[in-house]
Amino acid sequence: MRLLPILALALLIPPAFGQQSTNSNTNTGGRGAGITAGSFWFYQAFPNVTLTGGVANTETAMFDVPIPANAMGPVGILRLTVGWTYNNTANGKTLRHRFSNTANSLAGVSILTFGGANFTVTQGQAIVRNANATGTQSALVSGGPNNYFPTTITIVPMTVDTTQITHLTVTGSIATTTDTITLTSITVEALHP
Amino acid sequence: MRRALLALALLCGFAGGAHAQGSYAIYGDYPNVTVTGTTSETLLASVPVQANALGVNGLLRLTWTASYTNSANNKSTIFRVGPSSGVTGTGCVTSVVTTTATVQQIFFYRNRGTASTNACFSTLAPYGSLTNPAENVPNINTAAPWFINITMTLASAGDSFTLNGWTMEIINP
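Quick note, the sequences are listed as chains R and V, same order.
Going left to right, the first sequence walks through residues 441 to 633 as the numbering used here numbers them.
Going left to right, the second sequence walks through residues 39 to 211 as the numbering used here numbers them.
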């Protein structure tokens, strides 16, 4: 019986996996690290969904990933990693990855856009960052699959309500209907500090 | 039965420590802090890391985004690591930007088998960069609390540089 209080106390201590620390440091020039308990959510799939035929130059929803409400928090990020294959032609192919509150929407801001002309495979990654609010985001959208470098583009603002279910909608557009583009893999991570 | 309960209690207690094998932790902030009007090295953000949060074979990955004046003048971001907060610590990586307007990059920091043997590349190019960067080995003691101090030095006081947000992941195998 004497062990029961010890056991109860130990069970109150959360496990280290996925655990966050707290730190109230405030430093000149920065706001300090506003660290609170957080979580990590991810989705991963190999859809192998292909777009071909149809109407030329018409954006079409190919795949949609719903993201749980509050997965990001006010300073969290969403990190998208995708793999694509296509037939190697000079014809225009446009791949977009739109972020919104609506499934299969073509209206959301594309956080990762690139073309697939004259290539056969692409791996791309992009980040959406909540900007101190759950309904305000920013993203560096370079226009290519690599978004980690200095660029002259401006950061894209967004106003998606992340306290509700959000969606990453993958779309494709082909200039020549005999071409094919295939979303082979997709990983979506929500990091909630 | 008592032994089993005691073992379970101790296991749960130890698991509550700052680091366990197979752990993953996320930290982040959106300071949106700006440096302008000075050419002195100035602190943008000081990111604290708990003692032993980075395991002996752990990886720290810090992703950050910034916006700044598009000018020919150097704007140098330095990632310093050390036991204190402020414009202090060993300079690990320097990223210089000029005639661009925004940047997103990743800072990697790894322990190499011990808590005080660690390294980073001197370039912030995250992947696929076939350059010849020197590897910096600050070898700070990660068994004690330490800081990543992100600073900015403007070559021209008339420019400005804003650190929008950062996200830090600590991955311990």
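Cβ atoms here follow ideal geometry from the backbone N, Cα and C, with glycine treated the same way.
For Glu207/V, the uninterrupted beta strand (DSSP E) segment begins and ends at Ser198 to Asn210. When C-alpha distances from Leu98/V are compared across Ser123/V, Leu201/V, Ala157/V and Ser194/V, the shortest belongs to Ala157/V. Distances from the CA of Arg536/R to each of Ala530/R, Asp504/R and Tyr588/R were compared; the closest alpha carbon is that of Asp504/R. Under the three-pair Cβ rule at 8 Å, the region 60-70 of chain V counts as touching the region 564-574 of chain R. Under the three-state reduction of DSSP output, Val125/V falls in the coil class, being neither helix nor strand. Residues Ser154, Thr155 and Asn156 of the same chain have their beta carbon placed closer than 7 Å to that of Asn177/V, with the five preceding and five following residues left out of the count.
At least one C-beta of chain V is nearer than 7 Å to the C-beta of Arg569/R. When DSSP reads this structure, Asn174/V sits in a beta bridge with Cys158/V. Boundaries cannot be given for Phe486/R, as no beta strand (DSSP E) includes it and DSSP labels it neither H nor E. Annotation for Ile595/R: no beta strand (DSSP E) segment contains it, and DSSP assigns it neither H nor E. With a cutoff of 7 Å on beta-carbon distance, Pro86/V and Phe185/V are scored as near each other. Within the region 495-514 of chain R, those residues whose Cβ lies closer than 8 Å to any Cβ of chain V are, in chain order, Pro514. Among the residues of chain V, those whose CB is under 7 Å from the CB of Leu580/R are Thr103, Thr140 and Gln142, following chain order. A residue is called buried once 16 or more other Cβ atoms fall within 10 Å of its Cβ, and Gln604/R, having fewer, is exposed. Check the Cα spacing between Thr616/R and each of Leu491/R, Phe486/R and Met512/R: the tightest is with Leu491/R.
Taking 7 Å as the upper bound on Cβ-Cβ separation, chain R lies near residues Asn202, Gly203 and Thr205 of the region 173-206 of chain V. Taking 9 Å as the upper bound on Cβ-Cβ separation, chain R lies near residues Tyr68, Pro69, Asn70, Val71, Val73, Thr80, Leu81, Leu82 and Ala83 of the region 68-83 of chain V. By the neighbour-count definition (other C-beta atoms within 10 Å, threshold 16), Gly203/V is a buried residue.
Residue environment analysis places Ala547/R among the exposed positions, since fewer than 16 neighbouring C-beta atoms fall within 10 angstroms of its C-beta.
Against Leu631/R, the close residues of chain V are Ile64, Gly66, Thr205 and Glu207, in the order they occur along the chain (beta-carbon pairs closer than 8 Å). Contact annotation: the region 553-562 of chain R touches the region 579-598 of chain R, with at least three C-beta pairs closer than 8 Å.
Contact holds between the region 610-628 of chain R and the region 522-532 of chain R, because three or more Cβ pairs, one in each stretch, are under 8 Å apart. Within the region 579-602 of chain R, those residues whose Cβ lies closer than 9 Å to any Cβ of chain V are, in chain order, Ala579, Leu580, Ser582, Asn586, Asn587, Tyr588, Phe589, Pro590, Thr591, Thr592, Ile593, Thr594 and Ile595. Listed along the chain, the chain V residues whose CB falls inside 8 Å of the CB of Ile517/R are Gly66, Thr101, Gly203 and Thr205. A distance below 7 Å between beta-carbons, with the five flanking residues on each side excluded, links Ala89/V to the following residues of its chain, in chain order: Ala56, Ala181, Ala182 and Pro183. The C-beta separation of Ala566/R from Asn587/R comes to about 5 Å, placing the pair in contact by the 8 Å criterion.
Judged by DSSP secondary structure, Thr534/R falls within the beta strand (DSSP E) whose first and last residues are Lys533 to Ser540. In the displayed model, Thr180/V falls within coil according to three-state DSSP, outside both helix and strand. Nearest to Thr152/V by C-alpha distance, out of Gly96/V, Ala63/V and Leu82/V, is Gly96/V. Nearest neighbour of Asn111/V by Cα position, chosen from Ser105/V, Ala195/V and Thr136/V, turns out to be Thr136/V.
Glu207/V is classed as buried because its beta carbon has at least 16 other beta carbons within 10 Å across all chains shown.
Ser578/R is bridged by DSSP to Arg569/R and Pro597/R. Under DSSP, Ser550/R forms a beta bridge with Arg538/R.
Rounded to the nearest whole angstrom, the C-alpha separation of Phe117/V and Val141/V is 15 Å. Buried is the label assigned to Thr591/R, since at least 16 other Cβ atoms lie within 10 Å of its Cβ.
Within the same chain, and ignoring the five residues on either side of Ala139/V in sequence, the residues whose Cβ sits closer than 7 Å to its Cβ are Ser105, Tyr106 and Asn108.
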